[in-house]
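Novice: Per my numbering: the sequence shown = residues 7 to 389. Glycine included, every Cβ here is placed at the ideal spot set by N, Cα and C.
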Amino acid sequence: MTTAMCYQVKTAAGTTSPRGVSLNVLDTAPAANPLSNGITGPRDISYVKMLRISVTDVCNLRCVYCMPEEGVEWLGKSEILSFEEIAAVVRASVRLGITHFKLTGGEPTARKDLPVLVALLRAIDGVRDLSLTTNGILLGPQLVKLKAAGLDRITVSMDSLRPERFSEITRGGDFHRVWAAIEQALAMGFERVKINVVVMRGMNENEVADFAGLTKRWPVTVRFIEFMPLGRSGLTDNPLESMVTESQMRSQIESAHGLLQPVDRTSERGVGPANVWRIDEGVGRVGFISAMSKPFCDTCNRLRMTPEGLMRSCLFDGGEVDLKPILRSETHQAASTQTPAEHNTGNLVGLDERVMRAMTECVALKLDTHSFTGNKAMNRIGG
Ligand code: SAM
Ligand code: SF4
Numbered sequence: 007m008t009t010a011m012c013y014q015v016k017t018a019a020g021t022t023s024p025r026g027v028s029l030n031v032l033d034t035a036p037a038a039n040p041l042s043n044g045i046t047g048p049r050d051i052s053y054v055k056m057l058r059i060s061v062t063d064v065c066n067l068r069c070v071y072c073m074p075e076e077g078v079e080w081l082g083k084s085e086i087l088s089f090e091e092i093a094a095v096v097r098a099s100v101r102l103g104i105t106h107f108k109l110t111g112g113e114p115t116a117r118k119d120l121p122v123l124v125a126l127l128r129a130i131d132g133v134r135d136l137s138l139t140t141n142g143i144l145l146g147p148q149l150v151k152l153k154a155a156g157l158d159r160i161t162v163s164m165d166s167l168r169p170e171r172f173s174e175i176t177r178g179g180d181f182h183r184v185w186a187a188i189e190q191a192l193a194m195g196f197e198r199v200k201i202n203v204v205v206m207r208g209m210n211e212n213e214v215a216d217f218a219g220l221t222k223r224w225p226v227t228v229r230f231i232e233f234m235p236l237g238r239s240g241l242t243d244n245p246l247e248s249m250v251t252e253s254q255m256r257s258q259i260e261s262a263h264g265l266l267q268p269v270d271r272t273s274e275r276g277v278g279p280a281n282v283w284r285i286d287e288g289v290g291r292v293g294f295i296s297a298m299s300k301p302f303c304d305t306c307n308r309l310r311m312t313p314e315g316l317m318r319s320c321l322f323d324g325g326e327v328d329l330k331p332i333l334r335s336e337t338h339q340a341a342s343t344q345t346p347a348e349h350n351t352g353n354l355v356g357l358d359e360r361v362m363r364a365m366t367e368c369v370a371l372k373l374d375t376h377s378f379t380g381n382k383a384m385n386r387i388g389g
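1. May I have the straight-line CA-CA distance separating CYS320 from GLU367, to the nearest angstrom?
2. So who's on the other strand from HIS106, going by DSSP bridges?
3. Would you mind working out which of GLU314, PRO331, VAL327 and MET249 sits nearest GLY112, comparing C-alpha positions?
4. Do you know how far the Cα of PRO48 is from the Cα of GLU170?
5. Does THR375 come out as helix, strand or coil in the three-state DSSP assignment?
6. To the nearest angstrom, how far is it from the Cα of SER84 to the Cα of TRP224?
7. Please go through the same chain and pick out, in chain order, the residues whose beta-carbon is closer than 8 Å to the beta-carbon of SER173, but skip the five residues on each side of it.
8. Are there 16 or more other CB atoms within 10 angstroms of the CB of MET384, so buried, or fewer, so exposed?
9. For the ligand SAM, is there a heavy atom less than 7 Å away from the beta-carbon of ILE231?
10. Can you tell me where the beta strand (DSSP E) with THR161 in it begins and where it stops?
11. CYS303 and LEU236 - do their beta-carbons sit closer together than 8 Å?
12. Which whole-angstrom value is the C-beta distance of ILE231 and VAL203, which I expect to be below 8 Å?
13. From the DSSP output, in three-state form, read off ARG207 for me.
14. At a cut-off of 7 Å, would you count CYS72 as near the ligand SAM, judging by its Cβ distance to the nearest heavy atom?
15. Using CA coordinates, which residue listed in SER377, ALA364 and PHE294 is at the minimum distance from GLY324?
16. Output the distance between the C-alpha atoms of THR379 and LEU157, rounded to the nearest integer angstrom.
17. Using a Cβ distance threshold of 8 Å, determine whether the stretch 188-199 contacts the stretch 207-216, with at least three qualifying pairs required.
18. Using a Cβ-Cβ cutoff of less than 7 Å, which residues in the same chain neighbour GLY20 once the five nearest sequence positions on both sides are dropped?
19. State the beta-bridge partners of GLU326 as determined by DSSP.
20. What would DSSP say about ASN244, mapped onto helix, strand or coil?
21. DSSP three-state label for LYS382, please.
22. For ARG101 versus MET362, is the C-beta distance shorter than 8 Å?
23. Does the beta-carbon distance from GLU359 to LYS300 come in below 8 Å?
24. Cβ-heavy atom distance between GLU197 and the ligand SF4 below 7 Å?
25. For ASN222, which of helix, strand or coil comes out of DSSP?
26. Suppose you measure from the CA of THR242 to the CA of ARG207; what does that come to, to the nearest Å?
27. Three-state secondary structure (DSSP) at GLY389?
28. Quick check on the burial criterion: 16 or more other C-beta atoms within 10 angstroms. Buried or exposed for LYS118?
29. From what residue to what residue does the alpha helix (DSSP H) around TRP185 run?
30. Per DSSP, what kind of secondary structure is THR176 in: helix, strand or coil?
31. Considering just the uninterrupted stretch of the beta strand (DSSP E) at GLU232, what are its terminal residues?
Okay, structure coming up:
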């Protein structure tokens with residue numbers, strides 16, 4: 007059941023502007039948070055449970071739906087947050103009630119010493135779920151270290167089961183290497199490995215049933231993602247032409263494998279925005295992330311942080327708040343001195359307080375429903 011609410015929205019500059027907005031929100035009451043200021047629903051910081059952290063904008067592939075082939079401008083090294091700065095944001099996030107953290111990019115495994123970051127974040131009390139989304143090319147040799155550092159879950163992107171086509175879509179990726187990394191992750195006991203498939207008309211749409219068929223043999227969750235026109239990519243000229251909707255994907259799967267059976271969302275950790283199903287006799291699961299045909303903004307419980315420390319309210323054109331000036335200010339030396347009692351009364355000091363307030367401002371910038379296009383490519387936002 008859902009409820010409609012009216013509330014106030016804060017702008018990035020910190021001014022409060024009354025805005026009578028009707029928004030459907032989930033019934034489950036979030037824990038009270040002194041920073042919420044009476045706001046409820048997805049624009050309430052207490053509602054946020056997942057922070058997706060893009061650890062680098064750099065990538066070793068150039069997937070057609072994500073980036074242009076050439077001319078991408080990369081961030082400078084000094085612009086990117088250090089591991090300590092990322093950990094500071096995670097510490098503040100935990101205090102806001104955020105429990106799930108996803109490392110993404112760009113290609114996170116291309117960031118030097120990724121397992122060191124994983125260990126740093128794992129050691130923070132309150133981090134319940136730590137996961138990684140990767141293109142899998144560099145994953146195999148890092149798996150042992152990542153697991154030892156405390157990584158819980160892995161999602162691998164794989165848009166075709168045909169090596170040649172895989173290479174075309176990723177502009178050069180080696181299918182066999184990625185598949186071997188998936189098999190290795192399963193053999194190492196990573197809990198329900200996910201496979202992300204962006205489905206595009208005229209490219210891989212005829213493989214949807216084959217991908218769903220994988221779940222008969224493998225205990226993986228295959229998530230079909232609708233293409234989203236974000237930033238500049240190989241598909242931006244005519245995005246509508248490339249889009250395949252969830253209902254079109256479903257009918258392909260059901261003609262090949264019979265009716266999809268619903269799966270209880272609570273039975274799967276880290277389900278996120280996907281709605282989850284299984285095919286008859288399937289050991290794995292099938293999910294759909296249908297941001298274009300069925301936007302899920304009214305139940306969105308996530309924030310994203312870019313590699314340079316912009317906290318972003320939405321994948322599309324939602325507002326953002328810059329954390330870097332806070333993280334790099336001289337005054338944050340007094341950080342992390344709050345007691346739980348100070349937290350509960352809203353009497354906060356130091357770095358944690360400033361990051362928490364900035365995140366609270368950011369979540370209030372979420373739109374009722376996202377726009378059709380987004381101003382930044384996924385590799386910058388942390389998809
Ligand atoms: N490089 C890693 C990877 O590809 O898994 C992590 C970052 S990538 C931006 C995260 C996810 O976003 C991938 O599953 C990718 O397929 C998806 N993605 C990127 N651009 C997209 C777009 N325009 N529409 C839908 N999904 C997209
Ligand atoms: Fe790189 Fe991932 Fe974007 Fe592909 S989807 S270009 S692997 S960041």
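Specialist: With the structure as the only source:
1. Roughly 13 Å separates the two Cα atoms.
2. In the DSSP output, where bridge partners are listed per residue, HIS106 has MET56 and ASP135.
3. Put simply, of GLU314, PRO331, VAL327 and MET249 the residue whose alpha carbon is nearest the alpha carbon of GLY112 is GLU314.
4. Distance between the alpha carbons of GLU170 and PRO48 is about 42 Å.
5. Coil at THR375, not helix or strand.
6. Answer to the nearest angstrom: the Cα atoms are 42 Å apart.
7. For SER173, where only same-chain residues beyond five positions count, the Cβ hits under 8 Å are GLY179, ASP180 and PHE181.
8. By the neighbour-count rule (16 or more Cβ atoms within 10 Å), MET384 is buried.
9. Checking every heavy atom of the ligand SAM against the Cβ of ILE231, one is found closer than 7 Å.
10. In the DSSP assignment, THR161 falls within the unbroken beta strand (DSSP E) covering 159-163.
11. In terms of Cβ geometry, LEU236 and CYS303 do not form a close pair [threshold 8 Å].
12. Going by Cβ atoms, the distance from ILE231 to VAL203 rounds to 7 Å, so yes, they are a contact pair.
13. Three-state DSSP puts ARG207 in coil, outside helix and strand.
14. Indeed, a heavy atom of the ligand SAM lies less than 7 Å from the Cβ.
15. Checked all of SER377, ALA364 and PHE294; the closest Cα to GLY324 is SER377.
16. For THR379 and LEU157, the distance between alpha carbons rounds to 33 Å.
17. Proximity of the stretch 188-199 to the stretch 207-216 falls short of the contact definition, fewer than three beta-carbon pairs being nearer than 8 Å.
18. Note that GLY20 scores a pLDDT of 33, beneath 50, so its modelled location is shaky and nothing firm can be said.
19. BP columns for GLU326 point to ARG318.
20. Correct three-state label for ASN244: coil.
21. Reduced to three states, the DSSP call for LYS382 is coil.
22. Inclusion of ARG101 and MET362 in the CB contact set at 8 Å is warranted, their separation being smaller than that value.
23. No, the pair does not count as a contact, with Cβ atoms beyond the cut-off.
24. No; taking the cut-off as 7 Å, the Cβ of GLU197 has no heavy atom of the ligand SF4 nearer than that.
25. Note that residue 222 corresponds to Lys in the displayed sequence, not to Asn. Three-state result, LYS222: helix.
26. The alpha-carbon atoms of THR242 and ARG207 are separated by roughly 13 Å.
27. Secondary structure at GLY389: coil, using DSSP grouped into helix, strand and coil.
28. Counting Cβ neighbours within 10 Å, LYS118 comes out exposed, since fewer than 16 surround it.
29. 181-193 is the extent of the alpha helix (DSSP H) around TRP185.
30. THR176 falls in the helix class under three-state DSSP.
31. 227-232 is the extent of the beta strand (DSSP E) around GLU232.
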